[in-house]
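Per my numbering, residue 44 is the first one in the sequence shown, and the count goes up by one each step.
Cβ coordinates follow ideal geometry from the N, Cα and C atoms, glycine included.
Since the model is a prediction, treat every value here as computed from it, not as a measurement.
Scroll down for the structure; my scribbles are underneath it.
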Amino acid sequence: MDQSERDQLRQEVDEVLHGQKQPSEPAGFQQNDYSNIRHVVGVCSGKGGVGKSLVCGILAVELARRGARVGVLDADITGPSIPKMLGLSGQRARGVDDLIVPNRTEGGIEVMSANLVLEHETDPVIWRGPVVAGAIKQFWEDCAWGELDYLLVDMPPGTGDVPLTVFQSLPVEGIVIVSSPQDLVQMVVGKAVNMAGMMNVPVLGLVENMSYVACPHCDEKIYPYGPSRLEETAAALDVEALGQLPIDPALAAACDAGTFERDLPEGLIPNAVEAVVRTAEFYDALRGGEGA
Ligand SMILES: Nc1ncnc2c1ncn2[C@@H]1O[C@H](COP(=O)(O)OP(=O)(O)OP(=O)(O)O)[C@@H](O)[C@H]1O
Ligand SMILES: [Mg+2]
Numbered sequence: 044m045d046q047s048e049r050d051q052l053r054q055e056v057d058e059v060l061h062g063q064k065q066p067s068e069p070a071g072f073q074q075n076d077y078s079n080i081r082h083v084v085g086v087c088s089g090k091g092g093v094g095k096s097l098v099c100g101i102l103a104v105e106l107a108r109r110g111a112r113v114g115v116l117d118a119d120i121t122g123p124s125i126p127k128m129l130g131l132s133g134q135r136a137r138g139v140d141d142l143i144v145p146n147r148t149e150g151g152i153e154v155m156s157a158n159l160v161l162e163h164e165t166d167p168v169i170w171r172g173p174v175v176a177g178a179i180k181q182f183w184e185d186c187a188w189g190e191l192d193y194l195l196v197d198m199p200p201g202t203g204d205v206p207l208t209v210f211q212s213l214p215v216e217g218i219v220i221v222s223s224p225q226d227l228v229q230m231v232v233g234k235a236v237n238m239a240g241m242m243n244v245p246v247l248g249l250v251e252n253m254s255y256v257a258c259p260h261c262d263e264k265i266y267p268y269g270p271s272r273l274e275e276t277a278a279a280l281d282v283e284a285l286g287q288l289p290i291d292p293a294l295a296a297a298c299d300a301g302t303f304e305r306d307l308p309e310g311l312i313p314n315a316v317e318a319v320v321r322t323a324e325f326y327d328a329l330r331g332g333e334g335a
């Protein structure tokens, strides 16, 4: 990307953010001849550390276990966590001619992430917004994704440049929003819902992570952050409540060890998986009845 392209992108972002311009229709980036991606779904949150990457990973693994061809575009350029979680730590993406080939997990999930193209995975990414947006463009346009039923986009936290670029430029069919049961959740989730609305991207629903701890000795659920706010928040924002996830040290350990794909228990957030599948079926029907 040269300076004038960067300036133009900056200007577009500023105009949208400051409300001078309605966002254009998505699908601004072009799919290449080596990718046939049928459905794109984003995983977002209003703030950081609530479990987006975890939920993105669960959706990817569950869809792949159902036999779908799944990719994950790690759009968290400065804080990528997908490769480690899915057992690709230390791996590098290959370049073939002008294209980047994503890395494939044990279970067949295709992954592209900044950590797969940096020389060392501890190298910090200290790029400004437009350059980060350029990386997202490359992950879409210059990546040989192959045939995918689903491409899940793991977003960085919040409503900044990257979600804006993804919503504006990729054909996102819907987003799953992740929240935690803490204070201010309604306001924070509201920002993500409103951004999706401004960009005409449907919200598939809300997953509340870290809702409770299951007592290891009995079936009792302990709510360390107080009662769940999932139903209340979902109703107030007029989105679907897609389920709760407990705080589970085994999940955190599997993310850290890169054994997540193998160790993930079945059926943690079935309604969220169903919402993604239903959306894909809806778009397939719109396009003329092919199934994902
Ligand atoms: N339900 C859970 N039980 C146990 N650990 C969890 C749970 N959810 C998330 N974690 C841990 O908390 C940390 C943050 O989760 P995660 O990376 O999914 O959040 P995020 O929203 O993607 O963060 P960021 O905003 O930095 O991208 C990770 O180390 C993850 O393993
Ligand atoms: Mg993350």
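### Message
Would you say the beta carbon of Pro308 is closer than 8 Å to some non-hydrogen atom of ligand 3?
### Response
As far as ligands go, the structure on display features ligand 1 and ligand 2 and does not contain ligand 3.
### Query
If you follow the beta strand (DSSP E) that Ala284 is part of, which residue opens it and which one closes it?
Ala284 to Gln287
### Query
Across which residues does DSSP place Met253 in a beta bridge pair?
The secondary-structure analysis by DSSP pairs Met253 with nothing; it has no beta-bridge partner.
### Task
Would you list the residues sitting across from Glu216 in a DSSP beta bridge?
Note: Glu216 sits in no beta bridge, so no partner.
### Task
Sort Val282, Arg305 and Glu283 by Cα distance to Ala293 and report the nearest one.
Closest by alpha carbon: Arg305.
#### Entry: Uninterrupted beta strand (DSSP E) stretches inside the region 176-243 (no shorter than 3 residues)
Whole beta strand (DSSP E) segments, 3+ residues: 189-197 and 215-222.
### Task
Just grab the DSSP bridge partners of Val83 for me.
Leu194 and Val215.
### Query
Under a Cβ-count criterion, where at least 16 other Cβ atoms within 10 Å of its own Cβ denotes burial, should Asn252 be classed as buried or exposed?
A buried status is given to Asn252, since no fewer than 16 other beta-carbon atoms sit within 10 Å of its beta-carbon.
### Task
Going by CA-CA distance only, name the one from Gly331, Ile312, Gly92 and Ala328 that's closest to Pro199.
Gly92
### Cβ-heavy atom distance, Ala295 to ligand 1, below 8 Å
yes
### Query
So Leu285 and Leu307 are in contact, right, with Cβ under 8 Å, and what is the actual spacing, rounded?
So it is not a contact: roughly 17 Å between Cβ atoms.
### Query
Relative to ligand 1, is the shortest distance from any of its heavy atoms to the C-beta of Pro145 smaller than 8 Å?
no
### Task
Specify the secondary structure class of Lys264 as computed by DSSP and reduced to three states.
strand
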